[in-house]
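Residue numbers (the numbering used here): 174 to 399. Quick reminder that beta carbons are idealized off the backbone N, C-alpha and C, glycines included. Since the model is a prediction, treat every value here as computed from it, not as a measurement.
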Amino acid sequence: MSEVMTSPAVLILLGPPGAGKGTQARMLEERFGLIQLSTGDLLRAAVAAGTPAGMAAKSVMESGGLVSDDIVLAILKDRLGEPDVTAGVILDGFPRTAGQAEALDDLLAGAGQKVNVAISLEVDDEAMIDRVAGRYTCAACGEGYHDTNKRPQRDGTCDKCGGTAFKRRADDNADTARARLEAYHAQTAPLIAHYRSHGVLETIDAMGSIADIAAALDPIVTRAVQ
Ligand code: ADP
Numbered sequence: 174m175s176e177v178m179t180s181p182a183v184l185i186l187l188g189p190p191g192a193g194k195g196t197q198a199r200m201l202e203e204r205f206g207l208i209q210l211s212t213g214d215l216l217r218a219a220v221a222a223g224t225p226a227g228m229a230a231k232s233v234m235e236s237g238g239l240v241s242d243d244i245v246l247a248i249l250k251d252r253l254g255e256p257d258v259t260a261g262v263i264l265d266g267f268p269r270t271a272g273q274a275e276a277l278d279d280l281l282a283g284a285g286q287k288v289n290v291a292i293s294l295e296v297d298d299e300a301m302i303d304r305v306a307g308r309y310t311c312a313a314c315g316e317g318y319h320d321t322n323k324r325p326q327r328d329g330t331c332d333k334c335g336g337t338a339f340k341r342r343a344d345d346n347a348d349t350a351r352a353r354l355e356a357y358h359a360q361t362a363p364l365i366a367h368y369r370s371h372g373v374l375e376t377i378d379a380m381g382s383i384a385d386i387a388a389a390l391d392p393i394v395t396r397a398v399q
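Now the structure itself:
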C-alpha cells in the first residue's frame, strides 16, 4: 500500500462522577470530529433495551458499584466494531479498572495502536456529590440542569428548547453518588499511575467553568489528534 495509514486517535477522560467528562466529551466530538464512547450511556441503553447484559448490569448500576469487566468489554467491543469510530474516539467512563485498562491496551496493540492521551480531570470530591445528586436533564434536548446551581429560568421549562419534561438518572442521588465516588477512588484512580507510567498522562484542573475546562483541554487534544 503506498498511502500511509493514520490510526484513529484514542483519548481517555478520567475523573470522578460529576467531573464533567460527558459534557466535555460531547464538546470535543463537535470541535474535533471525534466520537464519544461512554460505557455509562452504552450500559443505560442496554438496561433500557432489556438485553441480557443490561439486565445483569441494572442493579449494580443502581447501587453505585461497577459492572463486571466481561460485560463492559463486550459492550465496548461491539461499539468499537461500528464504522464511525474510525474518526477517533474519546473514551468517557472507560477504562474504570486495571483489568479494563489492560484489555484496552491489548485490544489496541492488536491493531497496531495505543492510547494517545489519558486526561485526568482533577476536582474536589465533596463538590462532586452535590453536583451529581442535584443534576437532571431536559428529556427532549438533553440540556443539563441542577436543583440549586442551574435551574431553568422559567420553572419547569427548558431554556434551550422549551421542553417541559425532565429526567434524572436512577443513580444520581446522594447515597449512590457517594458509592460511585468510592468505587472511583478504589478502582479507577489507580489508572492515573498506569497512564503516567506509559507517558501519556495529562492532568487539568476541572473545578472551573465548562468553558475554562474546555479551554484547558483544547491544546492537549489538538496535540493528541495530530
Ligand atoms: P459517572 O461517571 O457519572 O458515575 P457513568 O454514566 O459513566 O457515570 O456510569 C454509570 C454507572 O455505569 C457506573 O456507576 C457503573 O455502575 C456503570 N459503568 C459505567 N462504565 C463502567 C465501566 N467501564 N466499568 C464498570 N462499570 C461501569
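Closest by C-alpha distance to residue i, when choosing among the options
| i | options | result |
| --- | --- | --- |
| residue 215 | 227, 204, 206 and 205 | 227 |
| residue 195 | 399, 386 and 398 | 386 |
| residue 190 | 399, 324, 225 and 379 | 379 |
| residue 361 | 225, 232 and 240 | 240 |
| residue 209 | 231, 247, 267 and 223 | 267 |
| residue 269 | 253, 251 and 238 | 238 |
| residue 308 | 230, 248 and 339 | 339 |
| residue 248 | 261, 312, 235 and 225 | 225 |
Residue i classed as buried or exposed, judged by whether at least 16 other C-beta atoms fall within 10 angstroms
| i | result |
| --- | --- |
| residue 396 | exposed |
| residue 289 | buried |
| residue 284 | exposed |
| residue 185 | buried |
| residue 359 | exposed |
| residue 299 | exposed |
| residue 314 | exposed |
| residue 198 | buried |
| residue 174 | Residue placement at residue 174 cannot be trusted, given a pLDDT of 38 that sits under 50; what the coordinates show is reported in the next sentence. Residue 174 should be labelled exposed. |
Under the three-state DSSP convention, the category residue i falls into
| i | result |
| --- | --- |
| residue 371 | coil |
| residue 176 | Legend: pLDDT at residue 176 = 43, less than 50; position of this residue unreliable, value from coordinates given subsequently. Correct three-state label for residue 176: coil. |
| residue 382 | coil |
| residue 207 | coil |
| residue 308 | strand |
| residue 262 | strand |
| residue 293 | strand |
| residue 287 | coil |
| residue 239 | coil |
| residue 396 | helix |
Residue j beta carbon less than 9 Å from that of residue i
| i | j | result |
| --- | --- | --- |
| residue 193 | residue 354 | no |
| residue 296 | residue 188 | yes |
| residue 377 | residue 292 | yes |
Quiz item: So, do the segment 271–278 and the segment 381–391 have three or more beta carbon pairs nearer to each other than 8 Å?
Solution: Judged by Cβ distances under 8 Å, the segment 271–278 makes no contact with the segment 381–391, as fewer than three pairs qualify.
Exercise. Please determine if the segment 327–340 and the segment 209–224 are in contact, where contact requires at least 3 C-beta pairs separated by less than 8 Å.
Key: no
Quiz item: How do the segment 193–208 and the segment 366–373 stand: do at least 3 beta-carbon pairs fall below 8 Å, yes or no?
Solution: Not touching, per the Cβ criterion.
Quiz item: Would you say the segment 343–352 touches the segment 255–268, given that touching needs at least three Cβ pairs under 8 Å?
Solution: no
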